[in-house]
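Enquirer: Supplied in structure tokens, the structure appears directly below.
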Amino acid sequence: MTAMAPVTPLWINGEQCHLEEGSYEVRNPLTGDIVGHASAANRQHCMQAIDAAGRAFRSWEDTHPRDRAEVLVKASGILGTTTYLDRVKEIIPAETGISEMEITMQTVATVRYLKDVASMLADLKGDSFPSVLPGGLVMSQRRALGVVLVVAPWNAPIMMTVRAMAVALLCGNTVVVKASDLSPRSQEIVVECFHEAGIPKGVLNFLSISPSDAPGLIAEMIAHPLIRKISFVGSEKVGRIIASEAGKHLKTCVLELGGKAPAVILDDADIKKAARAVASSAMITSGQNCMATARAIVQQGVAEEFISELQKHFANTRAGDVAGSPRAHLATLINENAAENAIQIVKEAQNSGARVLVGDMQRVNGVLQPHLVIGAKPGMRIWGAECFAPVLAVAVVARVEDAIELANTSDYSLVASLWTDNINRAVEVSHRIRAGYVEVNGPTMHTEPFWSNGGYGGSSGFGHFHVEDFMTTHVTVFHSGGPKYYPVVG
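Everything in the sequence shown is counted per UniProt numbering, starting at 1 for the first residue and increasing by one.
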């Protein structure tokens, strides 16, 4: 980074705030080089952002939903321009190491997602029906909650930031975004895009906070009386802390946390297709995604063929400098600690009897080659802990019942996949897998825009990015005008 490189600003009440002196370094995960600085918000900035969102709430809620949706559509169009795409291709690799291919895929998906959210207008409607009182009428309306605190992650920084806030904005809430300290510029560009689209002042605010100050300031923001909801995407560990802080103040959350997605391959599946999809879902984004396939459970009759196909895909996929080497398919992990953690999990599995079929259990800085581990089982960390790396654990079972039991032997419950060519088995087995999403004959790395991911609780969190999660029901009862008898007073 040159001396003239810009500092990522805060956005408070529609204005950029550059803190040249109060900033922290942002480093490239592959090289360790400083690639930018981010304004480090203090307590005053956090309170100002919340107050600005509070002041803007009433007028934004009163804005016609069609006009709120139009802002999302405009933001979608701006984000999809060559100007913005070129910027994200420069910024996101510098901060996260993500490949240009993945950035393009994520940006295109984000553009579509904003349009999909804008089309949810009909879900905002209320209802009316006769009261139990003679001649009375009940009218229910969906109303916005108020100020929503969004805490967004570094992986897929544009998509995850937009997912965490877009529905909240459509519903009439105002938002304060707290960016990941690892990807502030990547997430600030989303907020910039919305302001270019004409979002009113104070409706969308943006904060970057130094890692040392973040825990305390986030707790203070959660406690602020104007904050009505917390929308968080990130790790199970941080999600539990946020849920605990919110619980102190009886505030609700949408928490999309970790995953340990199982792929169940039955003996009548198309093995080549299943292996290709499982391998792709395990390795894309270098496994740094809560929807990544982390466990494969295959029936004995097709296990040899399936594992052989997996081995080919894993052995032919290389991690490295995706910007500088045409042979590199997978990017670096976000830091050296992430790579070391994955290595230790694989080594523990090997020491407990599992076999490492592909992978050298070595790293170069944060670069970790794909690892395929056979003979994994419950009780091993590789089966129960989120690796967030290109690591796939495989177990072989005899019966379908065994496969279901193993798939459900996890505290994570976000997504799963099931592979079978028998529709009756697909219906029966998919209903018994404990996951918010079950993809039949498809990769775990897929979600539908009108029904977002959401776990069954536990380590995957709870809630969805749905209209219902960002609105409340307001009921008005109209009494008829006739004479009434009131107890006690007559």
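Glycine included, C-beta positions come from ideal geometry on N, C-alpha and C.
Of all the options Ser212, Ser119, Asn351, which has the alpha carbon lying nearest to the alpha carbon of Arg381?
Expert: Asn351
Enquirer: In the DSSP output, what is Gly36 paired with across the bridge?
Expert: Val26
Enquirer: Should Ser128 be labelled buried (16 or more other beta-carbon atoms within 10 Å of its own) or exposed?
Expert: exposed
Enquirer: In chain order, what residues of the same chain have a beta carbon less than 7 Å from the beta carbon of Val396, not counting five sequence neighbours either side?
Expert: Apart from sequence neighbours up to five positions away, the residues of its chain that approach Val396 with a beta-carbon distance below 7 Å are Val298, Gln300, Ala303, ordered along the chain.
Enquirer: In this structure, how does DSSP classify Leu257 when only helix, strand and coil are distinguished?
Expert: Here Leu257 sits in coil by DSSP.
Enquirer: Leaving out the 5 sequence neighbours to the left and right, which residues in its chain are closer than 7 Å to Asn441 when beta-carbon positions are compared?
Expert: Trp419
Enquirer: Would you grab the beta carbon distance between Ala246 and Ile230 for me? Rounded to a whole angstrom, and I think it's under 8 Å.
Expert: 5 Å
Enquirer: Three-state secondary structure (DSSP) at Pro130?
Expert: strand
Enquirer: Taking all protein chains shown into account, decide if Val358 is buried (16 or more other Cβ within 10 angstroms of its Cβ) or exposed.
Expert: buried
Enquirer: On the DSSP letters alone, give me the boundaries of the beta strand (DSSP E) that Thr473 sits inside.
Expert: 471–478
Enquirer: Quick check on the burial criterion: 16 or more other C-beta atoms within 10 angstroms. Buried or exposed for Val148?
Expert: buried
Enquirer: Would you mind working out which of Val117, Val467, Arg355, Asn422 sits nearest Arg142, comparing C-alpha positions?
Expert: Val467
Enquirer: Could you check where the beta strand (DSSP E) with Ala398 kicks off and where it finishes?
Expert: Counting along the chain, Ala398 falls outside any beta strand (DSSP E), and DSSP gives it neither H nor E.
Enquirer: Measuring straight from C-alpha to C-alpha, what distance separates Ser59 and Tyr113?
Expert: 25 Å
Enquirer: Is the separation between the beta-carbon of Ala342 and that of Phe314 shorter than 8 Å?
Expert: no
Enquirer: Could you tell me which whole alpha helix (DSSP H) segments of length 4 or greater appear in the stretch 287–315?
Expert: 300–315
Enquirer: So what does DSSP say about Arg143, is it helix, strand or coil?
Expert: strand
Enquirer: Checking the sheet assignment: what are the DSSP bridge partners for Phe206?
Expert: Within the DSSP bridge table, the entry for Phe206 names Trp11, Val177 as partners.
Enquirer: Just to confirm before moving on: does the CB-CB distance between Gly366 and Ile334 stay below 8 Å?
Expert: Judged by their CB atoms, Gly366 and Ile334 are nearer to each other than the 8 Å cut-off.
Enquirer: Report the three-state DSSP secondary structure of Phe232 (helix, strand or coil).
Expert: strand
Enquirer: Identify every residue that forms a DSSP beta bridge with Glu439.
Expert: Ser417
Enquirer: Select from Gly455, Lys248, Ile199 the residue whose C-alpha is nearest the C-alpha of Pro225.
Expert: Lys248
Enquirer: Tell me whether Glu100 sits in a helix, a strand or coil according to DSSP, three-state version.
Expert: Reduced to three states, the DSSP call for Glu100 is helix.
Enquirer: Considering Leu357, what are the terminal residues of the beta strand (DSSP E) in which it resides?
Expert: From DSSP, the beta strand (DSSP E) with Leu357 extends over 355–358.
Enquirer: Need the endpoints of the beta strand (DSSP E) that His249 sits in, please.
Expert: His249: not part of any beta strand (DSSP E); DSSP gives it neither H nor E.
Enquirer: At the level of alpha carbons, what is the spacing between Arg432 and Lys272?
Expert: 25 Å
Enquirer: Does the Cβ-Cβ distance between Asp181 and Pro211 come in under 8 Å?
Expert: yes
Enquirer: Let me know the secondary structure DSSP gives Leu392 once reduced to three states.
Expert: strand
Enquirer: With distances taken Cα to Cα, identify the nearest neighbour of Ala152 among Ile209, Val117, Phe388.
Expert: Ile209
Enquirer: Please name the residue in Pro65, Glu256, Glu305, Tyr84 whose C-alpha comes closest to that of Asp268.
Expert: Of the listed residues, the one whose Cα sits closest to Asp268 is Glu305.
Enquirer: Can you check DSSP and say which residues form a bridge with Gln16?
Expert: Trp11
Enquirer: Between the alpha carbons of Pro390 and Ala339, how many angstroms are there, rounded?
Expert: Approximately 10 Å between the Cα atoms of the pair.
Enquirer: Quick one: what's got a C-beta closer than 7 Å to Glu309's C-beta in the same chain, skipping five residues either side?
Expert: Ile271, Lys272, Ala275
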